[in-house]
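Order-wise, the sequence lines are chains L and S. Position in the first sequence (first residue = 1) + 410 = the working numbering. Position in the second sequence (first residue = 1) + 122 = the working numbering. Idealized CB from N, CA, C, for every residue including glycine. Every value quoted in this text rests on a predicted model; they were computed, and no experiment measured them. Report on the following structure.
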Amino acid sequence: MGMIIQGATGDWEVVIGLEVHAQVTSNAKLFSGSATEYGAEQNTQVSFVDAAMPGMLPVINEMAVRQAVRTGLGLKAQINKFSVFDRKNYFYADLPQGYQISQYLQPIVGEGTLTIDLKDGETKEIGITRLHLEQDAGKSIHDQHPSMTLVDLNRSGVALMEIVSEPDIRSPEEAAAYVKKLRSILRYLGTCDGNMEEGSMRADVNVSVRRPGDEFGTRCEMKNINSVRFIQQAIIFEANRQVDILEAGGEIDQETRLYDSVKGETRSMRSKEEAHDYRYFPDPDLLPLEFDDAFVEEIKADLPELPDEKKDRFVGDLGITPYDAGVLVAEKEVADYFEAVAKGRDAKISANWVIGELFGNLNRTGKSLAESPVSADELGKLVDLIKDGTISNRIAKEVFEEMFDSGKAAADIVKEKGLEQVSDTGAIEQAIDDVMAANMDKVEEYRGGKDKLLGFFMGQVMKATGGKANPGVVNKILKPKLDG
Amino acid sequence: MSLDKATVAKVANLARIRVEEEKLDPLAAELNAILGWVEQLGEVDTENVKPMTSVAEMQLRWRQDEITDGGYQEQVVANAPSKDEGFFAVPKVIE
């Protein structure tokens, strides 16, 4: 569903395109042998290449090339076996070269597609325009010194993939779905850790508005937004700002705007506009990047099952609902956990336990899946105990809470607490007789036609047996007895 | 292609090169002369000639993904006009 803004003069449609910068997972930087790890002491992961000392030459990291190709294949995109590195020229304190090595006219990856998952299990295809490799800049810190800006070059030269979408996105929700899906695919591929808090993934958001069906309007770009929530807020603010201007008879200036997440607004960065005359030209320090079909095939042979394929398999082969399948495949760790639980067991029951009880308890305690006190194997054994009738579903929930809090095995808890389901008809018959004897008035009412009391008796019998009676067996014996 | 005075001033500004007002016109003339020589190359028929990317028949060299460099903070900031606790320190840049 596209977002429509109802203005005073009619409806406006919002058009969005995203440029996502994803940090490549690699040990060393794009063109030097210094480390990429996050959080190191300032300027300790900087080589003379990254610091742009005179006479230093860039040499490309094979892993960065592999990761870009791998990502391109994951996005079903065209792989360009010949691509070119260019210099993008601008001056900034955290860019020691005075230019960023990037790819302009001939990127390593061309057009592809990404399928986003919307509400109600609907999907939509978003076009990928291109993916190119480029260097990250250093980091400027403005608030640690009263009069100076401090510069740390640890990030300088780290490999980034810039992934550009077509302007196919029509609402903040679609933008959020796009970023989440892209993040999921990158994490499955292992080409980017997707950590938005550490800045491993950030987005430039292009927004314009138009009358439905018209030509595209003039767009504004908001740079470097690092959370899905902020991306959505920025789009809503910016689209409304543009509608207000157009309805007042004004025009949109194509410009770069800054999204201020504290004030929840965008504002012009016009001072930087002239600096954005980048004067790209091929980097004379680097020859074109070339590889052969065998290189691509080798990477292709090693691709994992991606979220879309996994979802199709969960729905098609395992009978999971598309919604549940979408939840299970979003993170590879969750999908792996679920598959371990479901192996050789009922997939639907397994899915319910993972999505319901496990996620519920992880949320309650603020734990991640990796920190779960209940392993997939143990959850599977709990499902087995339900399936073979040892415990009822209701008791199983209690057992699970106990497993989660104590880390004990399901079978041990059931044994210790004597929670085994009672299927022994003698014991159940006795309990039913006791309940009926204590409630003769209700028995009369039932026999007088008040069918609804069956639920009451059922409840009383379960209560009398401490919830351990097998509900199926109770049902079978109770009704004939009541009917007399 | 011909450069006017305003374009020369803009290019100088983008390259952070200070050019005095009275030098702009002579510089424009010099640059135009250079561009003129470069444009002569356009007279050569390069139909079906692949763009030359290197004077030698060379391939781009690749490196393995191994950490082989870094770990010398002091040397990195040694030449900085101003530094603070291992950071480069520059005049405050606020957007």
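Discussion item. In whole angstroms, give me the CA-to-CA distance for L/R565 and L/D614.
Written reply: 19 Å
Worksheet item: Under a Cβ-count criterion, where at least 16 other Cβ atoms within 10 Å of its own Cβ denotes burial, should L/K404 be classed as buried or exposed?
Response: A query on residue 404 of chain L cannot be resolved here, the shown segment of chain L reaching from 411 to 894 and no further.
Fill in: Anticipated Cβ contact below 8 Å, L/V751 with L/G790, distance rounded
Yes, they are in contact, since the Cβ atoms of L/V751 and L/G790 sit about 5 Å apart, within 8 Å.
Worksheet entry | Interface positions of the segment 123 to 155 of chain S facing chain L (Cβ-Cβ less than 7 Å), listed along the chain | Here the close residues are L136 and R138.
Worksheet item: How would you list, in chain order, the residues of chain S whose beta-carbon sits under 8 Å from the beta-carbon of L/G443?
Response: R185, E188, I189, T190, D191 and G192
Worksheet entry | C-alpha gap between L/I595 and L/G484, whole angstroms | 7 Å
Worksheet item: Distance, Cα to Cα, S/I189 vs L/P714?
Response: 27 Å
Worksheet item: If you count every other CB in all the chains shown that lies within 10 Å of the CB of S/F209, and 16 or more means buried, which is it?
Response: buried
Worksheet item: Between which two residues does the alpha helix (DSSP H) containing L/F647 stretch?
Response: Element bounds for L/F647: V638 to E657.
Practice prompt. Measure from the alpha carbon of S/G158 to the alpha carbon of each residue in S/A202, S/V177 and S/L125, then state which is nearest.
Written response: S/L125
Worksheet item: Between the beta-carbon of L/S581 and the beta-carbon of L/I426, is there less than 9 Å?
Response: yes
Fill in: Residues of the segment 454 to 470 of chain L whose Cβ lies closer than 9 Å to any Cβ of chain S, in chain order
T454, Q455, V456, S457, F458, V459, D460, A461, M463, V469 and I470
Worksheet item: Would L/E472 count as contacting chain S if we go by Cβ distances under 9 Å?
Response: yes
Worksheet item: Can you find a CB in chain S that lies within less than 9 Å of the CB of L/T800?
Response: no
Discussion item. What ranges does the alpha helix (DSSP H) occupy inside the segment 831 to 874 of chain L, keeping only unbroken runs of at least 4 residues that lie completely in it?
Written reply: 835 to 848, 850 to 857 and 863 to 874
Discussion item. For a test of the three-state rule: what should DSSP assign to L/D893, helix, strand or coil?
Written reply: helix
Worksheet item: Would a check of beta-carbon distances place L/R689 closer than 9 Å to chain S?
Response: Judged by the 9 Å Cβ criterion, L/R689 is in contact with chain S.
Discussion item. Can you find the residues in the same chain that come closer than 8 Å, C-beta to C-beta, to S/G193, ignoring five residues on each side of it along the sequence?
Written reply: none
Practice prompt. Please decide whether S/E161 counts as near chain L, where near means a Cβ-Cβ distance under 9 Å.
Written response: no
Worksheet item: S/A211 versus chain L: which residues are under 8 Å apart at the beta carbon?
Response: The answer, in chain order, is H555, M558, T559, L560 and V561.
Fill in: Whole-angstrom C-beta distance between S/R185 and L/N471, which should lie under 8 Å
Going by Cβ atoms, the distance from L/N471 to S/R185 rounds to 6 Å, so yes, they are a contact pair.
Worksheet item: Would L/S550 count as contacting chain S if we go by Cβ distances under 9 Å?
Response: With its beta carbon less than 9 Å from one in chain S, L/S550 belongs to the interface.
Item to complete: Name the residue from L/V809, L/F441, L/L656 and L/F691 whose alpha carbon lies nearest to the alpha carbon of L/R497.
Response: L/F691
Practice prompt. Would you mind sorting L/I511 into buried or exposed? The rule is 16 or more other CB atoms within 10 Å of its CB.
Written response: buried
Item to complete: Using only alpha-carbon positions, find the residue among L/V617, L/P698, L/G623 and L/P622 that is nearest to L/T666.
Response: L/V617
Worksheet entry | Limits of the alpha helix (DSSP H) - the one that L/G484 falls within | E472 to G484
Worksheet entry | Endpoints, alpha helix (DSSP H) assigned at L/E401 | What the structure shows of chain L is the stretch from 411 to 894, and residue 401 of chain L is not part of that stretch, so it cannot be assessed.
Worksheet entry | Counted within 10 angstroms of its Cβ, other Cβ atoms place L/E648 as buried (16 or more) or exposed | The residue in question, L/E648, is buried, as its Cβ has 16 or more Cβ neighbours within 10 Å.
Discussion item. Is there a C-beta anywhere in chain L that falls below 9 Å from the one on S/L182?
Written reply: yes
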